[in-house]
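Chemist: Residue numbers for the first sequence, in this note's numbering: 6 to 108.
The beta carbon of each residue, even a glycine, is placed where N, CA and C say it ideally should be.
Attaching a single structure in structure tokens format; questions to follow.
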Amino acid sequence: MGTKQHQAAILLVVSRIPRGQVASYGQVAELAGLPGRARLVGRILSRLPDNSNIPWQRVVNARSEISFARDSDAYRRQRQLLEQEGVFFSGARIRRQSHWQPQ
DNA sequence: AATTTGACCAGTA
DNA sequence: CTACTGGCCAAAT
């Protein structure tokens with residue numbers, strides 16, 4: 006099993022997260038058939054080109070927060086994208102109703 | 001080649 | 001709620 010296939014599996018899962026909802030890194034790894042490999046998900050997303058159509062902003066950490074520093078541009082960018090598509094926040098936390106629950 | 005780092009996480013205390 | 005542990009592993013140092 007090479008990284009190429011892992012990446013394809015991960016990006017497929019991310020592309021399926023519905024607009025207005027989020028999934029955690031661990032959840033994405035699990036659904037991609039890679040349990041325990043949340044960090045791999047983060048690493049793959051960090052390498053996406055700027056022009057990518059993958060909805061990377063819908064992946065957040067297990068505490069239901071954006072994983073970038075609150076004062077970073079990356080944080081503000083991700084948060085704006087999520088709020089634009091209807092994700093609800095309570096402070097830094099994303100509300101449960103905005104969490105993806107695939108069958 | 002060895003060590004550290006990182007868009008992480010579940011379990012435990 | 002916070003703190004710490006051990007698990008994960010490719011890329012950067």
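(1) Can you give me the Cβ contacts of arginine 24 inside the same chain, cut-off strictly under 6 Å, excluding the 5 residues immediately before and after it?
(2) To the nearest angstrom, report how far apart serine 72 and valine 18 are at their CA atoms.
(3) Which residue's Cα is closest to the Cα of isoleucine 59: Ile22, His104 and Arg68?
(4) What residue range is occupied by the uninterrupted alpha helix (DSSP H) comprising isoleucine 49?
(5) Suppose you measure from the CA of leucine 87 to the CA of alanine 79; what does that come to, to the nearest Å?
Modeler: According to the data block:
(1) For this step, residue 24 is matched to residue 19 along the first sequence. Result list for arginine 24: Glu90, in chain order.
(2) Within the first sequence, the letter at position 67 stands for residue 72. Within the first sequence, the letter at position 13 stands for residue 18. Using only the alpha carbons, I get a separation of about 19 Å.
(3) Residue mapping note: residue 59 aligns to position 54 of the first sequence, counting from 1. When only C-alpha atoms are compared, the closest one is Ile22.
(4) By 1-based counting over the first sequence, the position of residue 49 is 44. Counting along the chain, the alpha helix (DSSP H) containing isoleucine 49 begins and ends at 43–51.
(5) Locating residue 87 in the first sequence gives position 82, where the first residue counts as 1. Locating residue 79 in the first sequence gives position 74, where the first residue counts as 1. For leucine 87 and alanine 79, the distance between alpha carbons rounds to 12 Å.
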